Amino acid sequence: MTQTTRVLSTPMTFPMHVSLGKAHVVLSSAYLGNVQVLDKKASGEVLRTIPNTQGVQGALELPDGTLLLAEASTGRLVRVDTSEPEGITVLTEGLEGPVGLVAETETEEPGVYVTEVRSGRGTRVRLRDGARSTVAEGLQAPEGIARHPDGGLIVAEVGRQQLVRIEPATGRQTVLASGLRIGLPESEGLPPGYMPTGVAGGRSGTIYMSSDIESALYRFVPEP
23 MTQTTRVLST PMTFPMHVSL GKAHVVLSSA YLGNVQVLDK KASGEVLRTI
73 PNTQGVQGAL ELPDGTLLLA EASTGRLVRV DTSEPEGITV LTEGLEGPVG
123 LVAETETEEP GVYVTEVRSG RGTRVRLRDG ARSTVAEGLQ APEGIARHPD
173 GGLIVAEVGR QQLVRIEPAT GRQTVLASGL RIGLPESEGL PPGYMPTGVA
223 GGRSGTIYMS SDIESALYRF VPEP
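Residue numbering for the sequence shown follows this note's numbering, beginning at 23 and increasing consecutively.
So, in structure tokens, the structure goes:
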């Protein structure tokens with residue numbers, strides 16, 4: 023493990039969500055109400071800080087360089103053009119506590135998958151026009167989401183303290199691990215999924231998940 027930057031001694035604030043783009047690291051903080059874009063190189067230099075006080079959760083950089091943000095308090099996905107001056111457009115709204123985001127941009131109709139912590143749904147949003155389709159429902163407080171190399175979705179189901187796999191085409195759900203130490207109770211007045219449980223996937227199929235309860239990082243390795 024190598025430290026690239028840290029709070030207090032650098033311009034980086036207190037991140038609660040992280041995603042990796044081609045050239046940048048994107049951090050978001052519902053606590054301080056901002057999104058930060060960092061250089062992906064070893065320096066970890068903070069290149070830009072964008073205010074957002076709408077309970078911003080998931081944040082990712084799209085191939086065209088724009089940012090997509092999940093606003094848990096407003097139920098919107100907003101697209102941010104990071105050029106000067108910054109332009110913000112609403113991609114879709116009416117989501118119930120959007121938290122986790124993961125992109126699917128290599129298909130004919132690029133889109134993003136988003137978890138809705140309040141409704142218990144996994145939803146695909148088309149980037150072209152914001153059209154939505156439900157890929158999973160009946161989840162309890164889904165938060166972090168990642169894509170497996172084979173196209174499956176990996177979701178932290180915080181309400182049941184488990185890690186599940188979802189087949190986007192059918193909605194079929196498979197429990198990968200249960201009894202996990204995830205899911206601090208929500209506090210009144212804070213945005214949905216305020217302390218998100220993050221999920222990330224490696225090229226080999228290894229899955230990583232953060233534990234807010236234990237302040238730990240879990241690793242799940244595929245069986246040979």
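Cβ coordinates follow ideal geometry from the N, Cα and C atoms, glycine included.
Fair warning: this is a prediction, and the values are worked out from it, not measured in the lab.
query                                                                                                                                                                 : result
By how many angstroms is the C-alpha of VAL197 removed from the C-alpha of TYR53?                                                                                     : 31 Å
Looking only at its own chain, which residues have a Cβ that is under 7 Å from the Cβ of GLY109, when we skip the five neighbours before and after it?                : ASP103
Less than 8 Å between the CB atoms is what I'm expecting for VAL121 and ALA94, so what's the real figure, rounded?                                                    : 6 Å
Whole beta strand (DSSP E) runs in the stretch 56-141 with 3 or more residues, listed along the chain?                                                                : 56-61, 68-73, 78-83, 89-93, 98-103, 109-114, 120-126, 133-138
Taking C-beta to C-beta, are PRO171 and THR137 nearer than 8 Å?                                                                                                       : no
How is GLY144 classed by DSSP in three states: helix, strand or coil?                                                                                                 : strand
Considering only the alpha carbon of each residue, which of MET217, GLU208, ARG98 lies closest to THR145?                                                             : ARG98
How should GLY116 be labelled, buried or exposed, when 16 other C-beta atoms within 10 angstroms of its C-beta is the threshold for buried?                           : exposed
Mind checking GLU236: buried by the 16 CB within 10 Å criterion, or exposed?                                                                                          : exposed
Tell me the residue span of the beta strand (DSSP E) that contains PRO164.                                                                                            : 164-169
Tell me where the beta strand (DSSP E) around ARG241 begins and ends.                                                                                                 : 238-242
Relative to the C-alpha of THR127, which candidate in VAL139, LYS44, SER105 has its C-alpha closest?                                                                  : LYS44
To which residues does DSSP link TYR230 through a beta bridge?                                                                                                        : ALA222, ARG241
Just to confirm my understanding: we take PRO85, look at its own chain, exclude 5 residues before and 5 after, and list those with CB closer than 7 Å. What are they? : THR127
Out of curiosity, what's the CA-to-CA distance linking VAL124 and LEU149?                                                                                             : 12 Å
Per the DSSP calculation, SER155 is bridged to which residue(s)?                                                                                                      : ARG146
With 16 as the cutoff for other CB atoms within 10 Å, does ALA222 come out buried or exposed?                                                                         : buried
Out of HIS46, SER51, ASN74, state which residue places its alpha-carbon closest to the alpha-carbon of ALA64.                                                         : HIS46
Indicate the three-state DSSP secondary structure (helix, strand or coil) for VAL180 in the structure shown.                                                          : helix
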